[in-house]
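Quick note, in my numbering, the sequence shown goes up one by one and the last residue is 355. In this text, a Cβ means the ideal position worked out from N, Cα and C, and glycines have one as well.
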Amino acid sequence: MYGDTRRNLHPLYVSPIGKGGVDLGIQNITRSVQRAGHSPMLRRLPHWANFAPFAAPLLLGPRWWQGFDIVQGRSRVAWALKRRGLPLVTTVHHLTTDPQLQPYSSPAQRLFYHTLEYLYDGLSIKRADGVVCVSRYTQQQTALVYGKLSTTVVYDGIDTDVFVPTADGGRSDHGLPTTNARIRLLFVGNRTRRKGFDLLPQIMDRLPLDHTLFYTESFQTVQAAPPHPRMVPIGTPDRAGLVAAYQSCDLLLFPTRVEGFGIVAAEAGACGRPVVTTDAGALPEVVDDGVTGYLCRRDDIDDYVEKITRLADDLQLRSAMGVAARAKIVAQFGYEQLALGLLDVYQQLLSTGA
Numbered sequence: 002m003y004g005d006t007r008r009n010l011h012p013l014y015v016s017p018i019g020k021g022g023v024d025l026g027i028q029n030i031t032r033s034v035q036r037a038g039h040s041p042m043l044r045r046l047p048h049w050a051n052f053a054p055f056a057a058p059l060l061l062g063p064r065w066w067q068g069f070d071i072v073q074g075r076s077r078v079a080w081a082l083k084r085r086g087l088p089l090v091t092t093v094h095h096l097t098t099d100p101q102l103q104p105y106s107s108p109a110q111r112l113f114y115h116t117l118e119y120l121y122d123g124l125s126i127k128r129a130d131g132v133v134c135v136s137r138y139t140q141q142q143t144a145l146v147y148g149k150l151s152t153t154v155v156y157d158g159i160d161t162d163v164f165v166p167t168a169d170g171g172r173s174d175h176g177l178p179t180t181n182a183r184i185r186l187l188f189v190g191n192r193t194r195r196k197g198f199d200l201l202p203q204i205m206d207r208l209p210l211d212h213t214l215f216y217t218e219s220f221q222t223v224q225a226a227p228p229h230p231r232m233v234p235i236g237t238p239d240r241a242g243l244v245a246a247y248q249s250c251d252l253l254l255f256p257t258r259v260e261g262f263g264i265v266a267a268e269a270g271a272c273g274r275p276v277v278t279t280d281a282g283a284l285p286e287v288v289d290d291g292v293t294g295y296l297c298r299r300d301d302i303d304d305y306v307e308k309i310t311r312l313a314d315d316l317q318l319r320s321a322m323g324v325a326a327r328a329k330i331v332a333q334f335g336y337e338q339l340a341l342g343l344l345d346v347y348q349q350l351l352s353t354g355a
């Protein structure tokens, strides 16, 4: 327990079921505030409410807001939760209207992003009493796209008591399928261009035969075949399975194009694994280049291969970076920092009668 618990707060978190880091984000918020000694409630809405957030009040039921001190939702849905006398907070995880994302989106995605998504995010940012951004990068993009300057950065947080290294800090053997690989790379994310999945086969083509890349599969029910003979799918592991996968790899490879935070980089770091990722979005806030991992030029296959090889050939370097990564994540991106940041926002709103 941490923070000021003289008043037990009852925040309500509302989130349609999602597919990816946003879902993890709202779960981490709820757990962290509960661990801080408060009484949050998380209400999940069906997935289709992502596209029709105006239905949220009906789905929540009559007088859904009663008994709560504050209500919080991500920027796609929060605008529909505005009620007189109840402070409203919205969380901006990443903006799909981010100019850096557009080259990696399909025409259909861009149409949705620049019509309904732009409208929903804008309404939430305008109507909310408090706007929380999960990184300095997201804060800058919120100001750029929506002109909103009065926002607060509260970094996404992870449970550093769950995401931990092995007892000796070394590589485990129980969390990934058995292979003869000397170097085990891990990719965690969806099979999308934004996540850089299309770059993985090209990177693997350039790496030695004793390197194998394990990757999580997308949330779709029908999975495509592995796009490379040394790429091995591991399904969609639960939290315990994901921790085991991090502990069983040598490094995380995450050639994403842009991230509003980069939660998988934080998870891998907390498990004592160096991260090879992209010098883009919020990732330079999560990964210290040359200290906890490497930041590569976006879309530069040679750069990714060179940084992977540098780590693959130096166990001592991997170990040192893993130790540094764990220390950074614990110090900056744990549940305590997440809860204290949010509680400070709540207390300010409640004290001013927002």
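Across which residues does DSSP place residue i in a beta bridge pair?
i	result
R44	V15
Q73	Y14, V90
I184	H212
G131	V90
L253	L187, V276
G335	I159
Measuring only the C-alpha atoms, how far is residue i from residue j?
i	j	result
V276	S16	29 Å
R383	D251	In this structure the chain extends from 2 to 355, so residue 383 is not present and cannot be described.
A1	S33	Given a span of 2 to 355 for the chain in the structure shown, any question on residue 1 remains unanswerable.
P166	Q67	42 Å
Q101	T257	12 Å
D130	L208	50 Å
A269	L82	34 Å
V90	I71	8 Å
F113	D174	43 Å
A109	G335	36 Å
I309	H48	37 Å
D211	A182	5 Å
V233	P202	11 Å
L254	P63	47 Å
F69	L13	6 Å
R298	F262	17 Å
I330	D162	11 Å
I30	G282	22 Å
T98	T139	11 Å
F215	A241	16 Å
Going by alpha carbons, who is nearest to residue i out of the options?
i	options	result
V324	P63, V346, R274	R274
D280	A266, C272, A271	A266
E118	N9, T293, V146, D130	V146
Q142	R75, A37, V78, H94	H94
S107	G131, P178, D24, R195	R195
V135	A332, L214, C272, E260	E260
G236	I302, K149, V189, D314	V189
R185	I302, M205, R36	M205
T293	A328, A53, A50	A328
R75	E337, L60, T213, R45	R45
L243	A81, M322, L177, D301	L177
I264	L284, A246, A245, S249	L284
A225	A241, Y247, S249, F198	F198
Assign residue i to one of three DSSP states: helix, strand, or coil.
i	result
G158	coil
L296	strand
D290	strand
R84	strand
V276	strand
G176	coil
T152	coil
V78	coil
N29	helix
H115	helix
N51	helix
G171	coil
A37	coil
F164	coil
F262	coil
A144	helix
R194	coil
P100	coil
Can you list, in chain order, the stretches of the beta strand (DSSP E) that have 3 or more residues and sit fully within the region 216-248? 232-234
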